[in-house]
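Asks: Below is one structure. I have some questions about it.
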């Protein structure tokens, strides 16, 4: 029904873009979502080494609105952060058979290495969850999760 793929560009550096492509070969899917008055959301969970800048996300208001949870202090190094990282919930502004959803990412300065052999830190970033939230008369909304 729906295919989701993500990529991070460029491959190296402190400033990257996490782009998720959402495609559906079935155009009925789009009309079904719209007729059902469903909203489309994407949920991201980022490790402490990665952060998103809420001020920069505001530049994408034609694609999505957002809720950012976690520490938004862009200047703090990893050592001064809560180890839980941050999360981001996007509400997409439109539904189409093919969507590109860019999220600008930044990396924090990592913890100091106490070893001469360890020169780099890695951070694993999971693909976002795609959530359809559809109204249900007199009940909580129905949620459909795609990953």
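Numbering (my numbering), first residue to last: 20 to 166. Every residue, glycine too, gets a C-beta built ideally from N, C-alpha and C.
1) Rounded to whole angstroms, what is the Cα-Cα separation between residue 123 and residue 73?
2) Strictly by DSSP, which residues pair up with residue 83?
3) Helix, strand or coil: how does DSSP classify residue 26 here?
4) Out of 121, 29, 155 and 113, point me to the one whose CA is closest to residue 146's CA.
5) In angstroms with no decimal places, state the Cα-to-Cα distance between residue 47 and residue 57.
6) In its own chain, which residues sit with a C-beta less than 6 Å from the C-beta of residue 63, not counting the 5 before and 5 after it?
7) Which same chain residues end up closer than 6 Å to residue 28 when comparing Cβ atoms and leaving out the 5 residues on each side of it in sequence?
8) Please identify the residue among 77, 103 and 96 whose C-alpha is closest to the C-alpha of residue 89.
Replies: With the given structure in hand:
1) As a first step, residue 123 is located in the chain shown; it is residue number 104 there, counting from the start. As a first step, residue 73 is located in the chain shown; it is residue number 54 there, counting from the start. Looking at the two C-alpha atoms, the distance is approximately 10 Å.
2) The sequence position of residue 83 within the chain shown is 64, counting from 1. Residue 83 is bridged to 111.
3) Taking the chain shown and counting its residues from 1, the one referred to as residue 26 is at position 7. Three-state result, residue 26: strand.
4) If you number the chain shown from 1, residue 146 lands on position 127. When each option's Cα is compared against that of residue 146, the closest is 121.
5) Here residue 47 corresponds to residue number 28 of the chain shown, with the count starting at 1. Here residue 57 corresponds to residue number 38 of the chain shown, with the count starting at 1. Between residue 47 and residue 57, the C-alpha separation is close to 14 Å.
6) Position 44 of the chain shown, counted from the start, is the residue given in the question as residue 63. Here the set comprises 107 and 147.
7) In the chain shown, the residue the question calls residue 28 occupies position 9. If we look at residue 28 and ignore the five residues flanking it on each side, its Cβ neighbours are 36.
8) Taking the first residue of the chain shown as 1, we reach residue 89 at position 70. Closest by alpha carbon: 103.
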